[in-house]
Every structure is written in C-alpha cells, then in structure tokens.
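Counting in numbering that gives the first Met the number 0, the sequence shown runs from 0 upward without gaps. For every residue, glycine included, the Cβ atom is placed at its ideal position computed from N, Cα and C. The structure under discussion appears below in the form of structure tokens.
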Amino acid sequence: MANNANPAGAGPMRLDPYKAPHLVELGDKSYKVDVRGAVVRKILTCGLSVNLALPNKAFKGVAARAIEDAQGKVTVSLELHHHDPELCIPLLVADNLDEIAADWHSWSRLMKLPMLIVGSDEIATSVRNMLGEIMVETPWERRKRITTVKHRPNFLRRRKVGVVGKVEKLTAAEIIARR
C-alpha cells in the first residue's frame, strides 16, 4: 500500500505506523518508509538518480520538533531523525497533542528506536535513558526482609550446623591394591 503525503511545510500530514509502507514525496526527494527502515530516492544536480536503503539502526530515533508561528500556534512534527539533516524523514505534522503522543510512541515501539526531542538549538535529546532497547532507571529495592540473618534462605534458617567427626588419615600404602 502506498500513500502520497503532503510536504511538511504544506500543512497537516500523517503516516499511519500500522499501515506501512508509505511513499512520501518532498521536492526532488522521495521516501519509502516501512517498519524495517526507509529507502531514500534523490536526484542529484547532474541528473543521476540515487537510492539509499537505510535500516532502522541508521536513525538516531523518532524525534519530535515543536515550531511556534507568529500567531502563537504550536505545530509539532515527528520525524525519523538522522545525523544528516537531508535524510531526516517526516512522519507527522499536526497540532493535536493526543494524536502526536500516540503516533510518537507507536513509531518508536514499532521501529525499536528511542523517543527524542529536538530543542531550539537543534540538538536531539532522549526522553528516557536507554541502553539499546533496555530502559535505564533506578532499580527497585527487592528484599524487604530482615537482613540480620546473613542472607540465608528461609529453609536453611531452621537447620542446625553440622559437626565434623573424627578424620582418618590415609597413606599411599593403603590405597594401592595388592594381590
């Protein structure tokens, strides 16, 4: 299924994360966005057509960028954020915060990429601390029992410590078998 989307500056645009693949045409570039990654088609100044296949790992994450116009209306755009600004792919341009939050989370989860926020200084920062696909947070305290028992399990706490009996010393002459 292919969807033609409006350019990011021409008004609202939305690519549904659950109905991929999508075809986005912006000027001399066209993007084919799928859950596994994207294909960028660009026509160079010499007229040569170039196709770049970008897997999910090529993107830093799904970034949200807020833009305020002269009337004070805030428009948010979601994009697949790449370190090269020409390879950033718009996914959503809207002003409805509920729709933006739902799509932001859905694209991030489906593409297994972190959620990023692009500030006014054009630096993307992560919403959550992540190490790969694992969120890094302060751990919960797991043991809430009495810690004076020196970490013995419950079934060992009621057992008594054994006593070693008389130890016999064996010599080499007793171990060797003789006829």
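Given this structure, state the Cα-to-Cα distance separating residue i from residue j, to the nearest angstrom.
{"i": "LEU86", "j": "HIS80", "result": "8 Å"}
{"i": "ALA62", "j": "LEU51", "result": "21 Å"}
{"i": "ASP33", "j": "PHE154", "result": "54 Å"}
{"i": "GLU67", "j": "LEU109", "result": "29 Å"}
{"i": "ARG13", "j": "SER29", "result": "16 Å"}
{"i": "LYS59", "j": "HIS82", "result": "7 Å"}
{"i": "LEU47", "j": "GLY71", "result": "42 Å"}
{"i": "TRP139", "j": "CYS45", "result": "59 Å"}
{"i": "GLU24", "j": "LYS31", "result": "9 Å"}
{"i": "LYS18", "j": "SER119", "result": "32 Å"}
{"i": "ILE116", "j": "LEU53", "result": "21 Å"}
{"i": "ASN166", "j": "VAL160", "result": "A small fix is needed here, since residue 166 is Val in this sequence, not Asn. Distance between the alpha carbons of VAL166 and VAL160 is about 18 Å."}
{"i": "GLU121", "j": "PRO84", "result": "10 Å"}
{"i": "ALA65", "j": "ARG40", "result": "27 Å"}
{"i": "THR170", "j": "GLY164", "result": "19 Å"}
{"i": "ALA69", "j": "GLU98", "result": "23 Å"}
Which of the three DSSP states is assigned to residue i in this structure?
{"i": "ASN50", "result": "strand"}
{"i": "ILE122", "result": "coil"}
{"i": "GLU78", "result": "strand"}
{"i": "ALA101", "result": "helix"}
{"i": "GLU67", "result": "strand"}
{"i": "ARG40", "result": "strand"}
{"i": "GLU140", "result": "coil"}
{"i": "ARG35", "result": "coil"}
{"i": "LEU14", "result": "coil"}
{"i": "LYS165", "result": "coil"}
{"i": "PRO6", "result": "With a pLDDT of only 43 at PRO6, under 50, the local geometry of the prediction cannot be trusted, and the value read off the model is given with reservation. Looking at PRO6 - three-state DSSP - the assignment turns out to be coil, as it is neither helix nor strand."}
{"i": "MET0", "result": "Per-residue confidence for MET0 stands at a pLDDT of 40, beneath the threshold of 50, marking its modelled position as unreliable; the derived number appears in the next sentence. DSSP places MET0 in coil when its eight states are reduced to three."}
{"i": "LYS56", "result": "helix"}
{"i": "PRO84", "result": "helix"}
{"i": "LEU112", "result": "coil"}
Cα-Cα, which of the options is closest to residue i?
{"i": "VAL126", "options": "HIS104, TRP139 and LEU109", "result": "HIS104"}
{"i": "LEU112", "options": "ASN95, ALA19 and GLY36", "result": "GLY36"}
{"i": "PRO16", "options": "ASP102, PRO54 and VAL166", "result": "ASP102"}
{"i": "GLY26", "options": "ILE42, ALA123 and ILE116", "result": "ILE42"}
{"i": "LEU91", "options": "ALA123, HIS21 and VAL160", "result": "HIS21"}
{"i": "PRO89", "options": "TRP106, LEU96, VAL49 and VAL73", "result": "TRP106"}
{"i": "VAL75", "options": "ALA69, LEU169 and ALA100", "result": "ALA100"}
{"i": "VAL49", "options": "VAL38, ASN55 and ALA69", "result": "VAL38"}
{"i": "PRO11", "options": "ASN55, ALA69, LEU77 and LYS56", "result": "LEU77"}
{"i": "VAL73", "options": "ASN55, LYS56 and ALA93", "result": "ALA93"}
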